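Working notes for the structure below.
Residue numbers (our numbering), protein chains in the order written: chain A, 1 to 345; chain B, 1 to 345.
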């Protein structure tokens with residue numbers, strides 16, 4: 001066994017969209033776990049839009065990754081050495097392992113998983129942070145009611161596909177948005193959306209709005225916001241009175257700085273704010289890491305549905321840590337099809 | 001007794017800010033109440049910012065006033081003739097009486113009031129729609145907690161002064177905003193705000209933000225939104241994580257069309273939306289007419305506080321129905337000091 005590991009560091013902060021230059025693959029010694037810590041061999045890492053925010057040196061939910069620091073992210077792997085109670089060599093775990101082949105983590109920050117129950121990659125997607133985000137956002141802030149209409153952006157992503165499937169099971173009319181015909185077919189055929197609109201077929205918010213309006217003929221009761229930009233602009237004027245907008249991401253504005261100062265929109269701020277008043281909307285921003293206390297409830301409810309196939313899963317697996325930056329850049333451009341994962345081992 | 005009445009009709013729809021030309025004083029016969037209806041002699045009418053929205057022929061909470069129709073609004077008065085159960089001549093009532101000296105209303109749409117309990121004008125302000133708006137918005141959506149900081153725009157208005165006084169009684173640090181030194185003094189001396197900032201002393205959102213930041217040294221937990229525009233722009237970057245923004249009005253954008261399409265802002269839509277996500281904000285739009293079921297609870301709780309002086313009242317009374325248009329135009333420019341009322345009789 002080699003005593004070397006690899007990791008991907010933040011080489012420089014991106015100006016606008018990240019490029020390969022912003023990342024650096026580094027080989028280094030495998031560190032030794034301290035007291036209460038565990039050394040994990042990483043099998044899979046998760047790539048998620050929120051990581052774009054971590055690359056900026058601006059105010060966001062959490063501290064940025066420092067220059068030269070390892071890119072953060074969730075991962076699943078197997079314990080090599082444990083100095084923490086409750087973990088032994090061979091255990092499968094997930095936690096914030098970073099973009100790396102090996103990770104040291106405090107035992108308190110790791111969760112043991114059973115690879116016989118469900119594929120371990122599910123803990124990064126449908127049963128991990130993205131699926132949990134969709135479940136919590138829809139049920140807590142979306143307050144879905146049978147007969148209502150929901151619009152879900154990034155319908156084939158791990159958040160959107162959870163939201164769409166859950167909303168369908170609650171009796172809602174589900175309208176997905178996705179980039180390209182392939183994703184649209186997956187949205188309806190695999191995830192059961194009533195209809196999916198290819199946002200790439202629409203150059204501007206007005207054209208997209210027309211298409212959404214045709215599909216959402218009774219207006220929109222819930223818009224699950226995870227993209228911002230053109231889709232938000234298209235949707236806002238179509239919201240029904242008492243509509244709800246859970247906001248868990250605004251990926252299209254992520255390259256514009258932490259608070260969106262530099263981002264551009266074709267609609268004015270008043271035009272995107274006044275509907276909140278005149279339609280009596282509930283807009284709730286959230287990140288799921290503030291709600292881990294509800295994770296056991298989520299797992300209890302959703303793991304059986306994933307195991308028995310009531311909730312479908314779609315993963316996009318890239319091989320090799322060295323390919324993580326390119327996969328991440330692609331993710332920000334919507335090139336992944338399903339939950340983006342990087343296989344390390 | 002004359003059989004003539006006067007009313008103010010909408011003569012034309014305003015382009016931008018309303019002018020005197022948009023209104024027309026009309027003399028007409030006093031109508032006869034039908035079955036279940038009541039004829040009321042109006043004593044006072046209420047002028048409120050929401051009326052600006054009714055003048056536009058665009059989608060808003062409710063239907064617009066038709067051209068030639070009487071301007072809508074709440075009023076208090078005395079029953080002359082009653083064909084409705086529960087009302088007799090001489091009863092004091094309040095309801096949507098319109099900008100007029102006399103009104104016909106269904107008994108179901110009127111509420112009897114006791115002039116011996118509290119001055120009847122209170123039913124238009126502190127104990128009417130504006131006070132109820134402040135109470136419901138703060139307690140339901142603001143979720144105030146002792147030790148937090150709230151920013152309240154239009155601090156001496158009937159909504160803002162209720163919010164500030166209630167928030168203070170809940171143990172919050174209260175920061176008011178008002179136009180001019182006179183209003184600022186009233187905000188602190190009469191309504192007990194910890195500090196009041198004169199927004200007219202700041203030409204742009206950046207300058208105003210600096211002043212608010214100094215006052216709100218621990219950040220802002222609740223922003224009670226009833227003005228939009230420069231204040232919203234100043235406040236958004238200062239919101240604390242898990243902050244709440246009840247939205248009951250955006251007066252500064254009212255001249256821009258029902259959905260704010262034509263309004264201008266100096267900050268972009270992304271800059272005013274991304275904080276919702278990254279600060280996990282709860283933004284709730286509402287109008288109080290959707291919440292009348294809670295009005296008895298409000299009255300039960302707040303009427304004693306108004307009567308015993310725990311809640312202070314400030315009214316700005318203009319005399320004569322014919323002066324209502326000018327008073328309303330002034331209101332939209334912040335020229336009133338306290339709740340704007342027009343005395344008719």
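Note that beta-carbon positions come from the ideal geometry of N, C-alpha and C, so glycine has one too. Keep in mind it's a predicted model, so treat the numbers as computed, not measured.
* **For residue 177 (chain B): DSSP bridge partner residues** => B:197
* Asked: Which one of A:319, A:304, A:103 has the shortest CA to CA distance from residue 127 (chain A)?
  -> A:304
* Asked: residue 117 (chain A): buried (16+ other C-beta within 10 angstroms of its C-beta) or exposed?
  -> exposed
* Asked: With a cut-off of 8 Å, does the C-beta of residue 228 (chain B) fall near any C-beta of chain A?
  -> yes
* Over the uninterrupted beta strand (DSSP E) stretch that includes residue 70 (chain B), give me the two end residues. => No beta strand (DSSP E) contains residue 70 (chain B), which DSSP labels as neither H nor E.
* Within the present structure, is the beta-carbon of residue 172 (chain B) separated from the nearest heavy atom of the ligand FAD by less than 7 Å? -> You won't find the ligand FAD in this model; it holds no ligand whatsoever.
* Given a limit of 7 Å on CB to CB distance, which residues of the stretch 285-300 of chain A reach chain B? -> 285, 286, 287, 290
* For residue 57 (chain B), which residues from the same chain have a beta carbon less than 8 Å from its beta carbon, with the 5 sequence-adjacent residues on both sides left out? -> 13, 64
* Asked: How big is the Cα-Cα spacing for residue 242 (chain A) and residue 172 (chain A)?
  -> 16 Å
* Asked: Is any beta-carbon of chain A found at less than 8 Å from that of residue 193 (chain B)?
  -> no
* Asked: Any beta-carbon of chain A closer than 8 Å to the one on residue 130 (chain B)?
  -> no
* To do: Output yes if chain B places a C-beta closer than 8 Å to the C-beta of residue 153 (chain A); else output no.
  => no
* To do: Verify the CB distance criterion: does residue 8 (chain B) have a CB-CB separation below 8 Å to chain A?
  => no
* Asked: Taking the continuous beta strand (DSSP E) assigned at residue 315 (chain A), which residues delimit it?
  -> 315-319
* Asked: Does the Cβ of residue 333 (chain A) have 16 or more other Cβ atoms within 10 Å, making it buried, or fewer, making it exposed?
  -> exposed
* Give, in chain order, every residue of the stretch 211-224 of chain B whose Cβ lies closer than 8 Å to some Cβ of chain A. => none
* Using three-state DSSP, classify residue 207 (chain B) as helix, strand or coil. => helix
* **Span separating the alpha-carbon of residue 110 (chain A) from that of residue 104 (chain A)** => 10 Å
* Anything in chain A within Cβ reach of residue 125 (chain B), meaning under 7 Å, just list it in chain order. => By Cβ distance, chain A contributes nothing, its closest Cβ being about 21 Å from residue 125 (chain B), past 7 Å.
* Asked: To the nearest whole angstrom, what separates the beta carbons of residue 75 (chain B) and residue 44 (chain B), a pair I think is in contact under 8 Å?
  -> 6 Å
* **Where residue 191 (chain A) sits in the DSSP three-state scheme** => coil
* To do: For the stretch 136-168 of chain B, enumerate the residues whose C-beta is nearer than 8 Å to any C-beta of chain A, in chain order.
  => none
* Report yes if the CB atom of residue 306 (chain B) is closer than 8 Å to the CB atom of residue 182 (chain B), and no otherwise. => no
* chain B residues whose Cβ lies nearer than 8 Å to that of residue 55 (chain A) -> Per Cβ cutoff of 8 Å: no residues; residue 55 (chain A) is ~14 Å from chain B at best.
* To do: Flag this pair as yes or no: are the beta carbons of residue 40 (chain A) and residue 124 (chain A) separated by less than 8 Å?
  => no
* **Residue closest to residue 356 (chain B), alpha-carbon to alpha-carbon, out of B:223, B:215, B:179** => Residue 356 (chain B) lies beyond the range of chain B shown here (1 to 345); nothing can be said about it.
* Asked: Going along the stretch 233-251 of chain A in order, which residues come within less than 9 Å of chain B, judged by CB to CB distance?
  -> 233, 236, 237, 241, 242, 245, 247, 248, 249, 250
* Per the contact definition of three or more C-beta pairs closer than 8 Å, is the stretch 76-92 of chain A in contact with the stretch 137-151 of chain A? -> no
* Between residue 101 (chain A) and residue 5 (chain A), is the Cβ-Cβ spacing less than 8 Å? -> yes
* Please name the residue or residues paired with residue 151 (chain A) in a DSSP beta bridge. => A:175, A:223
* Kindly indicate if chain A contains any beta-carbon less than 8 Å away from that of residue 206 (chain B). => no
* For residue 71 (chain A) versus residue 8 (chain A), is the C-beta distance shorter than 8 Å? -> yes
* Asked: For chain A, is any of its Cβ atoms less than 8 Å away from the one on residue 5 (chain B)?
  -> no
* **Any C-beta of chain A under 8 Å from that of residue 279 (chain B)** => yes
* Verify the CB distance criterion: does residue 269 (chain B) have a CB-CB separation below 8 Å to chain A? => yes
* As assigned by DSSP and simplified to three states, the class of residue 260 (chain B) -> Reliability of the predicted coordinates at residue 260 (chain B) is poor, the pLDDT of 40 falling under 50, and the value obtained from them is presented with this limitation in mind. The answer is coil: DSSP assigns residue 260 (chain B) none of H, G, I, E or B.
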